[in-house]
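Per my numbering, the very first residue in the sequence shown carries number 157; after that it's consecutive. Even glycine gets a Cβ: it sits at the ideal position worked out from N, Cα and C.
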Amino acid sequence: MEHDWDTLRDAGYLAGSKLQADALVTLDSDLATRLTASYLSLRWKP
Numbered sequence: 157m158e159h160d161w162d163t164l165r166d167a168g169y170l171a172g173s174k175l176q177a178d179a180l181v182t183l184d185s186d187l188a189t190r191l192t193a194s195y196l197s198l199r200w201k202p
C-alpha cells in the first residue's frame with residue numbers, strides 16, 4: 157500500500173477524522189506516528 161500499512165483500517169481512521177474535521181486520539185504511539193506523517197503529506201500545498 158502507498159503508506160506501507162498492512163491493512164486499510166488505520167487509513168480509514170485517518171480518512172474519517174479528516175473528512176469529519178474530527179480529532180483522533182490513540183494510545184498506540186506507532187499508529188499516531190503513521191497517521192501524523194500521512195496527514196502532513198495530505199495537506200494542501202500552495
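- In the three-state reduction of the DSSP assignment, A188 falls in the helix class.
- Note on geometry: alpha-carbon atoms of L183 and Y169 lie some 14 angstroms from one another.
- Using a 10 angstroms sphere on the CB of L191, the tally of other CB atoms reaches 16 or more, which defines it as buried.
- Between A179 and S173, the C-beta gap is smaller than 8 angstroms, which places the two residues in contact.
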